[in-house]
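A short worksheet on the structure shown next.
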Amino acid sequence: MKKILKRATLIIAIILVSVGITAQNTEQNNMTINIGYVNKNNSAKFISEALGLEINTADKITIHGITAGFGYDLLLFNLIGFNFGINYTYSFRDKIVWGSNKFTGYKYSYHSLDAPVRFMLSLPLTSDLRLLAFAGPKFTFDLAGTANHYVNGNKVDSNNLYGDSSYRSRFNVLLGPGVGLRYKNFILKTGYDFGLLNLNIDKVTKDNLKITQEQLYVKLGFAF
278 MKKILKRATL
288 IIAIILVSVG
298 ITAQNTEQNN
308 MTINIGYVNK
318 NNSAKFISEA
328 LGLEINTADK
338 ITIHGITAGF
348 GYDLLLFNLI
358 GFNFGINYTY
368 SFRDKIVWGS
378 NKFTGYKYSY
388 HSLDAPVRFM
398 LSLPLTSDLR
408 LLAFAGPKFT
418 FDLAGTANHY
428 VNGNKVDSNN
438 LYGDSSYRSR
448 FNVLLGPGVG
458 LRYKNFILKT
468 GYDFGLLNLN
478 IDKVTKDNLK
488 ITQEQLYVKL
498 GFAF
């Protein structure tokens with residue numbers, strides 16, 4: 278993890294230096310406001326070497342989310358540069374324990390912030406339409422997470438998912454590509470990010486239990 282953080286710091290330093298150069302030759306800088314959908318996939322992989330045998334098991338959890346935030350495109354000659362942003366995401370999922378007319382199970386909710394720092398190309402297709410391509414890291418931080426337990430439609434218990442911070446990481450670094458279209462001031466983007474860190478930080482199980490997250494997103498934005 279230390280190596281990843283060092284590399285991330287180096288990437289940010291290089292980007293900041295590049296931004297200083299780019300800002301002196303920029304024809305058009307754009308602030309954008311955006312809203313969209315996020316699909317998060319948590320993958321858990323457990324490896325055990327009990328009795329001298331290696332046993333692999335895997336499990337996947339899908340979490341849906343709504344995201345909104347601001348972005349800033351810093352482009353040299355309105356063609357090449359960087360995309361920055363800050364976004365808030367509310368995500369949720371239901372886990373049904375018993376099928377009936379009234380919900381029995383768990384409802385999970387998460388509040389998180391993310392800050393993408395991406396290399397970006399903006400290629401003109403017509404006078405009003407541009408093709409966007411971008412790639413780079415995204416830094417995420419979970420502000421809060423709650424698990425509510427329901428029995429026959431009634432909430433009976435609520436747990437703070439980050440109450441014991443010794444085993445669940447709030448911080449993650451993701452990396453991935455994306456594409457988009459810009460028509461005048463309207464922007465449509467989609468992309469896929471791969472998590473680089475193990476979200477399980479429990480000292481006892483982190484070597485055997487790997488939890489990673491991938492994110493698919495679609496966003497609609499307006500530049501001003």
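For the sequence shown, the residue numbers in my numbering are 278 to 501. Note that CB positions come from ideal geometry on N, CA and C, so glycine has one too.
Which residues DSSP lists as bridging residue i, in chain order
i, result
"Thr366", "Thr344, Ser389"
"Val495", "Tyr314, Thr467"
"Gly413", "Gly453"
"Arg395", "Asn360"
"Asn436", "Ala424"
"Asn431", "Val428"
"Asp371", "Lys384"
"Asp419", "Ser389"
Nonlocal neighbours in the same chain, by C-beta distance under 6 Å from residue i, ignoring five residues either side
i, result
"Thr344", "Gly313, Val315, Asn364, Thr366"
"Tyr385", "Arg370, Ala424"
"His426", "Tyr383, Val433, Asp434"
"Asn436", "Ala424"
"Val456", "Ala410"
Spatial neighbours of residue i in its chain, beta-carbon cut-off 7 Å, leaving aside the 5 residues before and after
i, result
"Phe396", "Phe359, Phe411, Ala412, Gly413"
"Asn475", "Lys483, Lys487, Ile488, Thr489"
"Leu402", "Leu408"
"Tyr460", "Asp405, Leu406"
Pairwise C-alpha distance: residue j and residue i
i, j, result
"Val394", "Asn462", "21 Å"
"Ala392", "His341", "19 Å"
"Asn318", "Gln492", "6 Å"
"Ser446", "Glu326", "25 Å"
"Ala300", "Lys322", "Model confidence at Ala300 stands at a pLDDT of 46, short of 50, so the residue's coordinates are unreliable; what they give is reported in the following sentence. Rounded to the nearest angstrom, the two C-alpha atoms are 44 Å apart."
"Ile464", "Lys480", "44 Å"
"Phe501", "Asn307", "6 Å"
"Gly346", "Phe499", "11 Å"
"Leu398", "Asp470", "18 Å"
"Lys372", "Leu497", "29 Å"
"Val374", "Tyr383", "8 Å"
"Thr417", "Ser389", "7 Å"
"Asn485", "Asp336", "14 Å"
"Asp350", "Phe448", "25 Å"
"His310", "Phe361", "In the sequence as presented, His is not what sits at residue 310; that position holds Ile. Near 12 Å, if we compare the C-alpha coordinates of Phe361 and Ile310."
"Ser368", "Leu356", "34 Å"
"Tyr444", "Arg407", "45 Å"
"Leu400", "Lys466", "14 Å"
"Gly440", "Ile338", "21 Å"
"Tyr494", "Gly453", "11 Å"
"Asn477", "Leu438", "13 Å"
"Ser431", "Lys379", "Sequence inspection shows Asn at residue 431; the Ser mentioned does not correspond to that position. Distance between the alpha carbons of Asn431 and Lys379: 9 Å."
"Ala421", "Gly468", "25 Å"
"Lys415", "Gly472", "9 Å"
Residue i - DSSP class collapsed to helix/strand/coil
i, result
"Asp484", "coil"
"Lys462", "Here residue 462 turns out to be Asn, not Lys, going by the sequence shown. Looking at Asn462 - three-state DSSP - the assignment turns out to be coil, as it is neither helix nor strand."
"Tyr349", "strand"
"Asn355", "coil"
"Lys379", "coil"
"Leu406", "strand"
"Leu474", "coil"
"Arg445", "strand"
Residues near residue i by beta carbon distance below 8 Å, same chain, minus five either side
i, result
"Asn302", "With a pLDDT of only 45 at Asn302, under 50, the local geometry of the prediction cannot be trusted, and the value read off the model is given with reservation. Around Asn302: Leu353, Phe354."
"Ile428", "Inspection of the sequence shows that residue 428 is occupied by Val rather than by Ile. Result list for Val428: Thr381, in chain order."
"Ser404", "none"
Residue i: CB within 7 Å of a non-hydrogen atom of the ligand MG
i, result
"Asn462", "The model on display carries no ligand, and the ligand MG is accordingly not part of it."
Chain C contact for residue i (CB, 8 Å cutoff)
i, result
"Ile343", "In the structure shown, chain C does not exist; there is a single protein chain."
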